[in-house]
Structure formats: structure tokens, C-alpha cells
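Engineer:
Residue numbers (our numbering): 241 to 374.
1. Excluding the five sequence neighbours on either side, which residues of its own chain have a C-beta within less than 8 Å of the C-beta of residue 356, listed in chain order?
2. Under DSSP, the alpha helix (DSSP H) around residue 337 begins and ends at which residues?
3. Could you spell out where the alpha helix (DSSP H) holding residue 321 opens and where it closes?
4. Report the three-state DSSP secondary structure of residue 346 (helix, strand or coil).
5. So residue 329 packs on residue 360, CB below 8 Å; how close in whole Å?
6. May I ask you to report which of helix, strand or coil DSSP gives residue 363?
7. Of the residues 372, 265, 338, which one's Cα is nearest the Cα of residue 325?
8. May I ask you to report which of helix, strand or coil DSSP gives residue 309?
9. Could you tell me the alpha carbon to alpha carbon distance between residue 312 and residue 261, rounded to whole angstroms?
10. What three-state label does DSSP hand residue 263 in the structure shown?
11. Under a three-way DSSP split, which group does residue 353 fall into?
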């Protein structure tokens with residue numbers, strides 16, 4: 241076995257590793273893009289178009305109230321700290337740094353708890369929606 245053979249084998253293994261890593265990164269990126277909701281700034285929307293779309297999808301004022309009720313129930317099931325963090329973020333409109341200072345924790349902890357709370361709310365609402373369809 242010559243030194244070149246070892247180098248070729250190493251190069252081949254490295255190339256294969258790079259290809260697999262790039263493919264996985266691409267899949268992760270596409271998966272994350274699929275999860276993100278498409279949004280349009282409110283200023284760019286026409287109220288009539290939104291109303292028509294909601295009505296054609298079967299949305300009524302009562303259905304919005306029902307969804308709000310579901311969200312409130314799911315929110316009440318969150319642990320106290322996560323509820324408090326969401327309240328400070330979305331109701332009191334505090335920054336994560338301000339929340340961390342008030343709760344005597346790290347900013348990263350605030351971000352982690354927010355993420356976990358939103359994930360749990362999303363999972364609960366999706367589960368309920370699937371149960372309603374059955």
C-alpha cells in the first residue's frame with residue numbers, strides 16, 4: 241500500500257462525509273422552511289379579500305371564539321413559569337432581557353421556555369383539531 245492509496249481513501253471518506261452533511265443540511269433547511277407560515281404585512285392585505293377567504297374556509301365569528309377558548313385552555317395547562325414568560329412577552333411586551341432580569345434567570349432560559357411553551361400550545365391545538373375532524 242503506497243502513501244497515495246491512504247490519501248485517496250481518506251479523500252473518499254471525507255468527500256462522502258461532506259456530501260452526506262450537505263444533504264442533511266439541505267433537508268433540515270427545507271423542513272424548517274415548510275414549518276414557517278407565509279405571512280403578508282397587514283398593510284398589504286385587503287380586508288374584503290381576507291373576509292372572503294375566511295368565510296370560504298368555513299370560518300365564522302363563533303369559530304374564532306371557539307379557537308380562542310381552546311387556546312386559553314391550552315395556555316392554562318402550561319407550567320406557571322412558561323405562562324408567566326409568555327404573558328410578559330406578549331401582553332406586557334417586555335424584551336427577553338427584561339424578563340430575565342425580573343425572573344433572575346438567563347436570557348437563554350427565557351428563549352428556551354418561550355420555545356417550549358409555544359411548541360406545547362401548537363401540539364395541543366393540532367391534536368384537538370385532528371380529534372375534531374375524526
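All residues carry an ideal CB built from backbone N, CA and C; glycine is no exception.
Structural biologist: For this structure:
1. So the list reads 322, once near-sequence residues are dropped.
2. Looking at the DSSP string, the run of the alpha helix (DSSP H) that includes residue 337 is 336-343.
3. Boundaries of the alpha helix (DSSP H) harbouring residue 321: 320-326, taken from the DSSP string.
4. Of the three classes helix, strand and coil, the one that applies to residue 346 here is coil, per DSSP.
5. The beta carbons of residue 329 and residue 360 sit about 15 Å from each other, so the pair does not count as a contact at 8 Å.
6. Of the three classes helix, strand and coil, the one that applies to residue 363 here is helix, per DSSP.
7. Closest by alpha carbon: 338.
8. Here DSSP, grouped into helix, strand and coil, assigns residue 309 to helix.
9. Each residue's Cα considered, the two are about 42 Å apart.
10. In this structure, DSSP gives residue 263 a helical state, which the three-state scheme calls helix.
11. Helix at residue 353.
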